[in-house]
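Q:
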Amino acid sequence: MSNEKKPALSNAEKQRRYRDRQKDSGKKELRGYLTPEALKCYEDIVQKTQWNDSTILSNALRLMYAAHKLGQVGILNSWLNEHKR
158 MSNEKKPALS NAEKQRRYRD RQKDSGKKEL RGYLTPEALK CYEDIVQKTQ WNDSTILSNA
218 LRLMYAAHKL GQVGILNSWL NEHKR
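Take any residue in the sequence shown, count from 1 to its spot, add 157: that is its number in this note's numbering.
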């Protein structure tokens, strides 16, 4: 028998393995992992606006904030659920 221990994984290797598992489960990395429904929305936005990831994320956050301030988050969420988005 060998008493050799496997070297511990580096943080980079752990991160790579995590990203691979997320991709294998059908998610896309965009400052996090997108569900298949969100990925469809993302692809529609990119196609129509030609925005990059940073612009999409920035505008999405700004729009969510505005909806929150105007009390419209519930309405938006209902629409998304009704349209399976």
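Note that CB positions come from ideal geometry on N, CA and C, so glycine has one too.
(1) According to DSSP, residue 190 sits in a beta bridge with which residue or residues?
(2) In this structure, does DSSP put residue 242 in helix, strand or coil?
(3) Can you give the Cα-Cα distance for residue 215 and residue 237, rounded to whole angstroms?
(4) Can you determine whether any heavy atom of the ligand SAM sits closer than 7 Å to the C-beta of residue 222, and answer yes or no?
(5) If you follow the alpha helix (DSSP H) that residue 223 is in, where does it begin and where does it stop?
A: So, from the data block:
(1) BP columns for residue 190 point to 186.
(2) Coil at residue 242, not helix or strand.
(3) Rounded to whole angstroms, the separation of the alpha carbons of residue 237 and residue 215 is 20 Å.
(4) Ligands are entirely absent from the displayed structure, and the ligand SAM is therefore not among its contents.
(5) Where residue 223 is concerned, the enclosing alpha helix (DSSP H) stretches over 210-226.
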